[in-house]
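Trainee: Shown below is the structure under consideration.
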Amino acid sequence: MKVNDSEVKEGLYYTKEHEWVKVEGKLARVGVTDYAQKQLGDVVYVELPAEGKIVQQVKDAKKKEMELGALESIKAVSAVYSPISGKVKEANKALVDKPELINTSPYEDGWICIIEPSDLDSELKNLLDASKYAEYIKNL
Numbered sequence: 004m005k006v007n008d009s010e011v012k013e014g015l016y017y018t019k020e021h022e023w024v025k026v027e028g029k030l031a032r033v034g035v036t037d038y039a040q041k042q043l044g045d046v047v048y049v050e051l052p053a054e055g056k057i058v059q060q061v062k063d064a065k066k067k068e069m070e071l072g073a074l075e076s077i078k079a080v081s082a083v084y085s086p087i088s089g090k091v092k093e094a095n096k097a098l099v100d101k102p103e104l105i106n107t108s109p110y111e112d113g114w115i116c117i118i119e120p121s122d123l124d125s126e127l128k129n130l131l132d133a134s135k136y137a138e139y140i141k142n143l
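Count along the sequence shown from 1, then add 3; that gives the number in the working numbering.
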């Protein structure tokens, strides 16, 4: 669905910090939303999380343990927060050479990492579904 020129994909869970998570069996793929990449502008560098890093689900009071990495654009540097707690299993190394994938394919080729969740079922309740996220960005 389109909201204010930003694509919001069904079947994903979202944070108010504009990250998405897609449950894939026992793993979870994470990225940033179309809305986020449009706000940032052209992404020129992606700081990826280290494989094996333990992360916590993002909450209102931000902590270092909630950060997956950062995106650097021509406009700003923005932290990428983890939508779920767990261990980073894989980082999208394609972003090292092609950070623009964040802009051109935020929900497909531009994913940030794959996490092995530690408490997925209870933490999904803290996230927004597509319709709630669409409503959230509509008012920004």
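Every residue, glycine too, gets a C-beta built ideally from N, C-alpha and C. All values reported here derive from a predicted model rather than from experimental measurement.
Using three-state DSSP, classify Tyr110 as helix, strand or coil.
Mentor: Taking the sequence shown and counting its residues from 1, the one referred to as residue 110 is at position 107. In this structure, Tyr110 counts as coil in the three-state DSSP scheme.
Trainee: On a CA-only basis, which of Gly72, Met4, Leu51 is nearest Glu13? Give me that one, please.
Mentor: Here residue 13 is taken as the residue at index 10 of the sequence shown, counted from 1. Closest option to Glu13, Cα to Cα, is Met4.
Trainee: Return the chain-ordered list of same chain residues with a C-beta closer than 6 Å to the C-beta of Thr36, the five sequence neighbours on each side being excluded.
Mentor: Taking the sequence shown and counting its residues from 1, one reaches residue 36 at position 33. His21, Trp23, listed in sequence order.
Trainee: Any chance the segment 67–77 sits against the segment 124–140, with 3 or more Cβ pairs inside 8 Å?
Mentor: The segment 67–77 vs the segment 124–140: no contact.
Trainee: According to DSSP, is Ala64 helix, strand or coil?
Mentor: Position 61 of the sequence shown, counted from the start, is the residue given in the question as residue 64. Three-state DSSP puts Ala64 in coil, outside helix and strand.
Trainee: Quick one: Cα of Trp114 to Cα of Ala94, how far?
Mentor: Counting from one through the sequence shown, the residue named residue 114 turns up at place 111. Counting from one through the sequence shown, the residue named residue 94 turns up at place 91. Answer to the nearest angstrom: the Cα atoms are 9 Å apart.
Trainee: For Ser76, name the three-state secondary structure that DSSP assigns.
Mentor: Position 73 of the sequence shown, counted from the first residue, corresponds to residue 76. Residue state, collapsed to three classes: strand.
Trainee: How about Ala133 and Val26: do their beta carbons lie closer than 9 Å?
Mentor: As a first step, residue 133 is located in the sequence shown; it is residue number 130 there, counting from the start. As a first step, residue 26 is located in the sequence shown; it is residue number 23 there, counting from the start. Cβ atoms of Ala133 and Val26: not closer than 9 Å.
Trainee: Could you check if Thr18 is buried or exposed, using at least 16 other CB atoms within 10 Å of its CB as the buried criterion?
Mentor: As a working mapping, residue 18 is identified with position 15 in the sequence shown. Thr18 comes out buried.
Trainee: Are the CB atoms of Lys101 and Glu119 nearer to each other than 9 Å?
Mentor: Within the sequence shown, numbered from 1, the residue matching residue 101 stands at position 98. Within the sequence shown, numbered from 1, the residue matching residue 119 stands at position 116. No, the pair does not count as a contact, with Cβ atoms beyond the cut-off.
Trainee: Sorted by chain position, which residues of the same chain lie with C-beta nearer than 7 Å to Asp122's C-beta, five sequence neighbours on each side aside?
Mentor: Translated into the one-based positions of the sequence shown, residue 122 becomes position 119. Around Asp122: Ser88.
Trainee: Buried or exposed: which applies to Ala64, given that a residue is buried once 16 or more other Cβ atoms fall within 10 Å of its Cβ?
Mentor: By 1-based counting over the sequence shown, the position of residue 64 is 61. It counts as exposed.
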